[in-house]
Amino acid sequence: MTDLNRAGLNLRPATDTRWDLVSLGEVMLRFDPGDTRISRTRSFNVWEGGGEYNVARALRRCFAQRTALVTALVDNPVGRLIEDLMLQGGVDQSHVLWRDFDGIGRAARNGVYFLERGFGVRGGMGMMDRGATAISQLKPGDVNWDEIFRRPGDGGEGARWFHTGGIMAALSEDSTALVLEAMQAAQRHGAIVSFDGNYRPSLWKSRGGRQGSVDVNRALMPFVDVLFGHEGDVAATLGESSHHPAAHTLETFAPMGRRVTAEFPHLKVIAMSSRKAVSASRNEWTGFLFAEGHAHQGITFPDLEIFDRVGGGDGFAAGVIYGLMQGKGPQWAVDAGIAHGALVMTTPGDSSMASLPEVERLMQGGSAATQR
159 MTDLNRAGLN LRPATDTRWD LVSLGEVMLR FDPGDTRISR TRSFNVWEGG
209 GEYNVARALR RCFAQRTALV TALVDNPVGR LIEDLMLQGG VDQSHVLWRD
259 FDGIGRAARN GVYFLERGFG VRGGMGMMDR GATAISQLKP GDVNWDEIFR
309 RPGDGGEGAR WFHTGGIMAA LSEDSTALVL EAMQAAQRHG AIVSFDGNYR
359 PSLWKSRGGR QGSVDVNRAL MPFVDVLFGH EGDVAATLGE SSHHPAAHTL
409 ETFAPMGRRV TAEFPHLKVI AMSSRKAVSA SRNEWTGFLF AEGHAHQGIT
459 FPDLEIFDRV GGGDGFAAGV IYGLMQGKGP QWAVDAGIAH GALVMTTPGD
509 SSMASLPEVE RLMQGGSAAT QR
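First residue of the sequence shown? That's 159 in the numbering used here, and the numbers climb one at a time after it.
Written out as structure tokens, the structure reads:
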């Protein structure tokens, strides 16, 4: 494939690796009250979810790629429920680290969160319960990254792509160090490294807020090939204001891409999702991709009806990664990201329930008419 088709990314051949993508991140149990509210419901649906995991799952289930996850769970019934849900997603779990349960979760626990979808003028609302989780206690040296990224002919497994993000880096000081260790190992063995800014105020509250996240992200940028985020995340990487009076256009995104890549020349691709909330259940949805000095805008949904907005950005990242990995070119990649992210937001839960034919049909302007 030419570099033009892969946006300047030097990808290892699939035949030289066991994995197309390896993700590092926390997987939590999501409690969903459905159409009612957390404080009023008497029952919940449960899903597994986590920013970095969602990307690996979508690449496996929608795009038929070989993916694996590095995470840690406590070995109790909640942990095994998360495992059972992940098994349905097809992501390899051979690098899940299991920790003993002390009976009450004082030493380590599994993360859970509660999320209302919102509707109309009532916005969505999430409440995290993820302190002292097993993965937040992982330290550098706990994972044999060289074995994961080293090519099979040299006694390793081999991965073409490594993905993690700001959620994982925020969990603890050790988590930040672990992310850096993983990135350095991936870079050393020739894997593409992607990072999703994914700023969460609740996670950075005790670590310096937005500025704390900016400092960490900027320290990691020399090891990142592909940067994902919404407009605030990308702007904050430059130390610029994360608040914009209006959504980006191609004319405003292109100079931002040039500024970011000028400051961090190792970056090859910047991919940014962009949404304008008309209401909790209707969004304007599009995205942009900057590579090799050129900016591309994805297809635009001016009035996208939302069923469950969680996971839309992860769906965007998965579609972009698939397009670049397959050498489809930057424009196809950003269109696939936007189409896939849109489809993710039409179903409940964090994870993709879309298929590649559905993504391609939507990219080509297909309607929502029933397929028979």
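Here a beta-carbon is modelled for each residue, glycine too, at the ideal position from N, C-alpha and C.
All values derive from a computational prediction rather than experimental measurement.
Excluding sequence positions up to five away, which residues of its chain have a Cβ less than 7 Å from the Cβ of residue i?
| i | result |
| --- | --- |
| A172 | D178 and R318 |
| Q342 | F381 |
| G208 | G183, E184, V185 and M186 |
| V374 | A327 and T334 |
| F202 | F189, D190 and P191 |
Please classify residue i: does DSSP put it in a helix, a strand, or coil?
| i | result |
| --- | --- |
| E442 | strand |
| T291 | strand |
| P403 | Its pLDDT being 43, under 50, P403 is placed unreliably in this model, and the value from its coordinates should be taken loosely. P403: coil per DSSP, three-state reduction. |
| P141 | Since the first residue shown for the chain is 159 and the last is 530, residue 141 is missing from the structure and cannot be characterised. |
| H424 | coil |
| Y211 | helix |
| G367 | helix |
| A172 | helix |
| G282 | coil |
| S333 | helix |
| E516 | helix |
| M186 | strand |
| F272 | strand |
| Q345 | helix |
| F381 | helix |
| L231 | strand |
| G387 | strand |
| D472 | helix |
Check the DSSP bridge columns for residue i and list the partner residues they point to.
| i | result |
| --- | --- |
| I350 | W319 |
| S360 | Bridge partners of S360: none, in fact. |
| L179 | T225 and W319 |
| V236 | DSSP lists no partner for V236. |
| V372 | According to DSSP, which records beta bridges pairwise, V372 is partnered with nothing at all. |
| E463 | R440 |
| L134 | What is shown of the chain runs 159 to 530, which leaves residue 134 out entirely. |
Exposed or buried, which one is residue i when buried takes at least 16 other CB atoms within 10 Å?
| i | result |
| --- | --- |
| F285 | Here residue 285 turns out to be Met, not Phe, going by the sequence shown. Exposed. |
| P403 | At P403 the pLDDT is 43, less than 50, meaning the model places this residue with poor confidence and gives no usable figure here. |
| F448 | buried |
| M430 | buried |
| H347 | buried |
| R433 | buried |
| R215 | buried |
| H424 | exposed |
| I240 | buried |
| M283 | exposed |
| A420 | exposed |
Do you know whose CA, among the options, lies nearest residue i's CA?
| i | options | result |
| --- | --- | --- |
| G355 | M326, F465 and L217 | M326 |
| S364 | E331, G276 and R376 | E331 |
| T322 | A476, D193, G192 and D312 | A476 |
| T505 | D493, E463 and E518 | E463 |
| E450 | R416, G470 and F259 | R416 |
| A165 | P515, V236, R198 and Y480 | Y480 |
| S294 | A349, L338, L231 and F320 | L231 |
| N168 | A349, G269 and Q369 | A349 |
| S535 | V279, E339 and G269 | Since the first residue of the chain shown is 159 and the last is 530, residue 535 is not available in this structure. |
| T407 | E518, A453 and D312 | A453 |
Between residue i and the rest of its own chain, which residues show a CB-CB distance below 8 Å, the 5 nearest in sequence each way excluded?
| i | result |
| --- | --- |
| G314 | D304, E305, I306, F307, R308 and H347 |
| D233 | W256, R257, D258 and F259 |
| I496 | S431, W443, T444, G445, G456, I457, T458, F459, F474 and G477 |
Here's a check: name, in chain order, each residue in its chain whose Cβ is nearer than 6 Å to the Cβ of residue i, leaving out the five neighbours to either side.
| i | result |
| --- | --- |
| L336 | L296 and P298 |
| F386 | D354, A429 and A475 |
| H388 | S431 |
| V427 | A165, V384 and A449 |
| W362 | A328, G370 and S371 |
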